[in-house]
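Visitor: Take this structure, written in structure tokens, and hold onto it; I'll ask about it next.
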């Protein structure tokens, strides 16, 4: 130890850190650097205090702290020493990089975003965040923060979510979707993605077979795959999942579950026809497999039909029903939910408790408030009207500008069109070309689980205004025609 | 079909459901009940319209909807029939109970709640929600909802969490905890529980050995166990985890990770001594295992010591550091975070994207706002002062009323005391007796992973006022003395 202490421990009296703390920190730094070695004696408190220009009591305080923490030790009157119990570092270079291995989840493809600056973005079928009921949401949060029992909501709550919101959902499911659900058999989740994750991990044992729509929803494919399921793609045609193919599969092996998006199939936007629905329920009862019904945008069904969920059918005993308010309010409002047999939901909620303990109580209360006062309904009606118009415009522009190149069915509902090219088109190349012209489309190949090229586009229209829609479709037409 | 149509389809013109929809719903109900069978002809639209007293066009609309959906079919001029493709239900009783099996997570013990009405509750060591910075939080939410870019935050965001909050955390970790972390190497989670879950599932392959503190934190034990780890309990003494025992384990088998709560060990409240800390880091580097450092209530350290996290040590290359703002703000404000080697955090964030896609953007923005403006710091100082006083009171009341029955160390920090009985006490029986007298304590046996009785209590004091603390300790003393 050659340097004087006041150069080693420069005290900054303007620092917010207490002076004794600065001294202690400085000594620790010297120990870590190896300049103060185990057994090295420290100067007496008076000597050090004089040297660095502080009160002696301050040094005593620092020494006491370091002794209590084990950096220093004192042997009665002999003085204070650097602790002998410190393991010596073998001059290894600091932070040489970690040496433990871990599971690589990089292969999981993230869901694609909704808002891209200065681009006309045909997304996956997301709502227009510009229409989100922001004022209503802000007011609901404000009221929630002012309510009498506000302290209560800041503690821990039920892992199934706020009872108030579960009751509001129960009423909505009964009135609008013909579903008779007890609020204890609902688990509120963070968006439908968490409902999928919880369902997969509650349902699947390693190696279980799950039948999936193909083309289909990649995040579901990934979620069930990572949960250990063996995935079997089942074809989708213009009536929805081909149930005959599923029946063949059931005859050849035991299947654990079927994942379906019957209301508006993802990505083809087809609504599953009623005979397929009834047949699916019949198969589920006969073979004892679960139907995972993902009803991700129930509200936006534009054709004149009473299309109720599978889960509303009196004979459907094996349906796990997943839905969400995220598509209705905004993607960031991650309120999804899952209902199903009571014991299943109970187990799923227990799993949830070790994932994130509980949902966002404050947000759940705010959304319950909006449902109770009818604001969600009013917003749904308004959005329904606007998206309905945009759907008509989309239909019109596709017919005007692209009818010779593509085939499509105007979808009965949902927020996207499924547009198939009449001639083979490299959709990835198309995507690159369009991006240069300020139009973004989603990658189609993620929807294909069989490797078969889909030669189609899923064009979400709900986030685009009339001008953007026309401009976007025109641009696609120009690029495709070349 | 004997009954007249107007009794089968009673139209309610005051109903919010359109009349054609009511007709369609009624026909579907008859089909489902089996009273209208496949192939049955329906009356002509004019006949039905007259019978039920509606406009003919309304009936046509209903028929069209049912045809499009597949319930009915039409064969040109022959008329309209119930669709022949409907599978007949074999008069099975509806909803006979589900027939699929699933994983049973009921064994997961939920974390225990914080607020219990009319009870003096010694909890696990939770903050006092009555002190939560409610006004500040409400104002932050309000500002967030008014900001210019508010629409943007309603779309999808980064699975690592809002960059703004990650930057605020980076600054805090650097200033207060001596940690040099890049904001891309932080993943914000929903409380430290999700950080634990993500860490476990990113780190563990089936059968990996994880060393755990014993007694220890049950939710961590359950989380690593459910992730497939083989768990080995390591003793904890008055210097923290007994690292010599860990070293013996390392010599006998390969271990993947060690889970530690070095700042304030859960449940014993011991702060790990520095020689143990350095030895732990040395072992981690030598044997290549990960150190999972759960620093769940860093802010509340009352003794005069520079006790920085293991993660701040320049030689600690294998530390996965988990912390949280939930203990600082309120349990319902579920903002936790995890940092570690860049590639590890990247993989962990990918896993997160299939669990719930992303965090609560609105809450993350609000908390970032509070950190930036210093409100979190001000709240921390205020809470620190109040909890510090309560800690002194707790010490005083324990000495006054229970010193003959118990042994304890006044903890250097954390929001709970670990109180050991001098004589064997059935703590579960004690719990029952106390409950009858209006005092609740946590079950101690959940902390023991070896089956050994702990003969101790973890008494969280921070949520109780002076009166409640004195009353609570007195009651415990009365019951124990009998």
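Protein chains in written order, with the UniProt record's numbering: chain A, 1 to 482; chain B, 1 to 482.
Here a beta-carbon is modelled for each residue, glycine too, at the ideal position from N, C-alpha and C.
Pick out whichever of B:190, B:458, B:119 and B:41 has its Cα sitting closest to the Cα of residue 71 of chain B.
Guide: Answer by Cα proximity: B:41.
Visitor: Hey, could you find the ends of the beta strand (DSSP E) residue 294 of chain B is sitting in?
Guide: 290-295
Visitor: Who are the Cβ neighbours of residue 217 of chain A in its own chain at under 6 Å, not counting the five residues just before and after it?
Guide: Excluding residues within five positions, the ones whose Cβ falls inside 6 Å are 266.
Visitor: Taking Cβ-Cβ distances below 7 Å as the criterion, which residues of the stretch 224-240 of chain B are in contact with chain A?
Guide: 226
Visitor: Does residue 342 of chain B pass the burial test, meaning 16 or more other C-beta atoms within 10 Å, or should it be called exposed?
Guide: exposed
Visitor: Compile a chain-ordered list of the residues in the stretch 259-270 of chain A whose CB is closer than 9 Å to at least one CB of chain B.
Guide: none
Visitor: Output yes if chain B places a C-beta closer than 7 Å to the C-beta of residue 115 of chain A; else output no.
Guide: At residue 115 of chain A the pLDDT is 49, less than 50, meaning the model places this residue with poor confidence; the figure from the coordinates comes in the next sentence. Cβ-Cβ to chain B under 7 Å: yes for residue 115 of chain A.
Visitor: Kindly give me the distance between the Cβ atoms of residue 188 of chain B and residue 160 of chain B, rounded to whole angstroms, as I take these residues to be in contact under 8 Å.
Guide: 7 Å
Visitor: Strictly below 8 Å CB to CB, what residues from chain B border residue 341 of chain A?
Guide: Per Cβ cutoff of 8 Å: 97 and 98.
Visitor: Helix, strand or coil for residue 90 of chain B per DSSP?
Guide: For residue 90 of chain B, the pLDDT reaches just 42, beneath the cut-off of 50, and the residue's location in the model is therefore unreliable, although a value from the coordinates is still provided. In the structure shown, residue 90 of chain B falls within a coil segment according to DSSP collapsed to helix, strand and coil.
Visitor: Would you say residue 191 of chain B reaches chain A, if we count a Cβ-Cβ gap shorter than 7 Å as a contact?
Guide: Output row for residue 191 of chain B: interface = yes.
Visitor: Can you give the Cα-Cα distance for residue 243 of chain A and residue 201 of chain A, rounded to whole angstroms?
Guide: 25 Å
Visitor: Can you tell me whether residue 114 of chain B is helix, strand or coil according to DSSP?
Guide: In this predicted model, residue 114 of chain B has a pLDDT of only 47, less than 50, meaning its place in the structure is not dependable enough to derive any value.
Visitor: Can you find a C-beta in chain A that's less than 7 Å from the C-beta of residue 5 of chain B?
Guide: Residue 5 of chain B is outside the set of residues whose beta carbon lies under 7 Å from a beta carbon in chain A.
Visitor: Any beta carbon from chain A within less than 7 Å of residue 301 of chain B's own beta carbon?
Guide: no
Visitor: Using the C-alpha atoms, what's the distance from residue 435 of chain A back to residue 402 of chain A?
Guide: 19 Å
Visitor: Would you kindly work out how many angstroms separate the C-alpha atoms of residue 219 of chain B and residue 246 of chain B, rounded to a whole number?
Guide: 21 Å
Visitor: Which chain B residues are close to residue 350 of chain A, counting only those with a beta carbon under 7 Å from its beta carbon?
Guide: 105, 106 and 108
Visitor: Would you mind telling me which residues of chain A sit closer than 8 Å to residue 363 of chain B, beta carbon to beta carbon, in chain order?
Guide: For residue 363 of chain B, the C-beta contacts it makes with chain A under 8 Å involve 360, 362 and 363, in order along the chain.
Visitor: What residue range does the beta strand (DSSP E) around residue 237 of chain B cover?
Guide: 230-237
Visitor: In chain order, which continuous runs of the alpha helix (DSSP H) of length 4 or greater are located wholly inside the stretch 297-359 of chain B?
Guide: 342-355
Visitor: In the DSSP assignment, what are the bridge partners of residue 73 of chain B?
Guide: B:81
Visitor: According to DSSP, is residue 261 of chain B part of a helix, a strand, or is it coil?
Guide: Here residue 261 of chain B sits in coil by DSSP.
Visitor: Here's the rule I'm using: 16 or more other beta-carbon atoms within 10 Å means buried, otherwise exposed. How should residue 285 of chain B be labelled?
Guide: buried
Visitor: Roughly how many angstroms separate the alpha carbons of residue 122 of chain A and residue 317 of chain B, rounded to a whole number?
Guide: Computed Cα separation, rounded: 44 Å.
Visitor: For the beta strand (DSSP E) containing residue 419 of chain A, list its first residue and its last residue.
Guide: 416-421
Visitor: Apart from the five residues on each side of it in sequence, which residues of its chain come closer than 6 Å, Cβ to Cβ, to residue 261 of chain B?
Guide: Cβ neighbours of residue 261 of chain B beyond the five flanking positions: 294.
Visitor: Take residue 166 of chain A as the anchor and find which of A:438, A:338 and A:433 has the nearest alpha-carbon.
Guide: A:338
Visitor: At 9 Å on the CB atoms, spell out the chain B contacts of residue 164 of chain A, in chain order.
Guide: Within chain B, no C-beta atom comes nearer than 9 Å to that of residue 164 of chain A; the closest sits roughly 14 Å away.
Visitor: DSSP puts residue 41 of chain B in a beta bridge; with which residues?
Guide: B:81
Visitor: Assign residue 153 of chain B to one of three DSSP states: helix, strand, or coil.
Guide: helix
Visitor: Classify residue 222 of chain A as buried or exposed, calling it buried when 16 or more other Cβ atoms lie within 10 Å of its own Cβ.
Guide: buried
Visitor: Just the C-alpha distance for residue 63 of chain B and residue 273 of chain A, rounded to the nearest angstrom, thanks.
Guide: Spanning the two alpha carbons is a distance of roughly 15 Å.
Visitor: My output table needs one value for residue 442 of chain A: the three-state DSSP class, helix, strand or coil.
Guide: coil
Visitor: Measuring CB to CB, does residue 258 of chain B end up less than 7 Å from residue 229 of chain B?
Guide: No, these two residues do not count as a Cβ contact at 7 Å.
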